[in-house]
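Trainee:
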Amino acid sequence: GAGVSQSPRYKVAKRGQDVALRCDPISGHVSLFWYQQALGQGPEFLTYFQNEAQLDKSGLPSDRFFAERPEGSVSTLKIQRTQQEDSAVYLCASSLSAGGLTGELFFGEGSRLTVL
Amino acid sequence: EDQVTQSPEALRLQEGESSSLNCSYTVSGLRGLFWYRQDPGKGPEFLFTLYSAGEEKEKERLKATLTKKESFLHITAPKPEDSATYLCAVRGSGGYQKVTFGIGTKLQVIP
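Chains as they are written, first to last, in my numbering: chain C, 1 to 116; chain A, 1001 to 1111.
(1) With 8 Å as the threshold, decide whether the Cβ of C:Ser31 is near any Cβ in chain A.
(2) Apart from the five residues on each side of it in sequence, which residues of its chain come closer than 6 Å, Cβ to Cβ, to A:Glu1017?
(3) To which residues does DSSP link C:Asn51 through a beta bridge?
(4) Do the segment 1089-1102 of chain A and the segment 1002-1009 of chain A touch if we need at least three Cβ pairs shorter than 8 Å?
(5) Give the interface partners of A:Leu1087 over in chain C, defined as CB-CB distance under 7 Å, in chain order.
(6) In whole angstroms, what separates the C-alpha of C:Pro8 from that of C:Gly72?
(7) Grab me the residues of C:Val12's own chain with a C-beta within less than 7 Å of its C-beta, minus the 5 sequence neighbours each way, in chain order.
(8) Find the residues of chain A that neighbour C:Phe106, judging by a C-beta separation of less than 7 Å, and give them in chain order.
(9) Report the neighbours of C:Gly28 on chain A: residues whose CB is nearer than 9 Å to its CB, in chain order.
(10) So with CB distances below 7 Å, who are the chain C contacts of A:Gly1104?
(11) So, for A:Cys1023: in the same chain, excluding its five sequence neighbours on each side, which residues have a beta-carbon less than 7 Å away from its beta-carbon?
(12) Could you have a look at C:Gln36 and say whether DSSP puts it in helix, strand or coil?
(13) What does A:Gln1003 reach in chain C if we use C-beta pairs closer than 9 Å?
(14) Which residues in chain A have a C-beta closer than 7 Å to the C-beta of C:Gly110? List them in chain order.
(15) Name the chain A residues that come within less than 9 Å of C:Phe45, Cβ to Cβ?
(16) Enumerate in chain order the residues of its own chain whose CB-to-CB distance from A:Pro1080 is below 7 Å, with the five nearest sequence positions on each side excluded.
(17) For C:Leu21, which residues in the same chain have their Cβ closer than 6 Å to its Cβ, ignoring the five residues on either side in sequence?
(18) Report the rounded CA-to-CA distance for C:Ser5 versus A:Gly1032, giving the unit in angstroms.
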């Protein structure tokens, strides 16, 4: 597609429920990132994929968070047993290149998660 | 660990009143400093990438500059449609592709 697509745009979950957030990156983009953005804050890095390999997951806040990109294209961020502090906008971004002086990230519009 | 500090947190300008936004950074081996614009309810939109001190880039009323410790986003004769949050981010040589963001400067341009 023309841009990064995320779904759902809005998700309301009861505390303890599991959620799955989907990201369709720009076609051909090697790199894919997940960020978490709390209200009034900048995006915080969660994890990075190069093709299907998850090379950096240092930003995942707990083992309740899991991300995958099995075929090197679409990615899913899963949050198990959601807590209120998980409420945030989850942004997906993709980038064409994977090394050296690499270019910019292209972001989707985000998935806003509200945990009640 | 890479760090980005932006100031001011919020800025209110009259239409046509030029100003600058500041981004201070510490990074191990800069591999790119990025400026993004974010409108409410939207994802960040890419504006500029700067790679080395002394580099400058321009787009319409915006001009980004870079030193070894700071970047500035200069806004000349702003219009109400320039109202948005402007995010600064850096990529360092440590780790893989991680890009670290500041909290942003929320700009409001009053007609």
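Every residue, glycine too, gets a C-beta built ideally from N, C-alpha and C.
The model shown is predicted, which means the values in this text are computed figures rather than measured ones.
Mentor: With the given structure in hand:
(1) yes
(2) none
(3) Paired residues: none, contrary to the question.
(4) yes
(5) Gly42
(6) 20 Å
(7) So the list reads Thr114 and Leu116, once near-sequence residues are dropped.
(8) Phe1046
(9) Under the 9 Å cutoff, chain A gives no residues; its nearest Cβ is about 16 Å from C:Gly28.
(10) Gly42
(11) Val1004, Gln1006, Glu1070, Ser1071, Cys1088 and Gly1102
(12) strand
(13) Under the 9 Å cutoff, chain C gives no residues; its nearest Cβ is about 11 Å from A:Gln1003.
(14) Gly1043
(15) Listed along chain A, the residues sitting closer than 9 Å to C:Phe45 by beta-carbon distance are Lys1098, Val1099, Thr1100 and Phe1101.
(16) Glu1015, Val1109 and Pro1111
(17) Result list for C:Leu21: Leu77, Tyr90 and Ser111, in chain order.
(18) When rounded, the distance between both Cα atoms is 25 Å.
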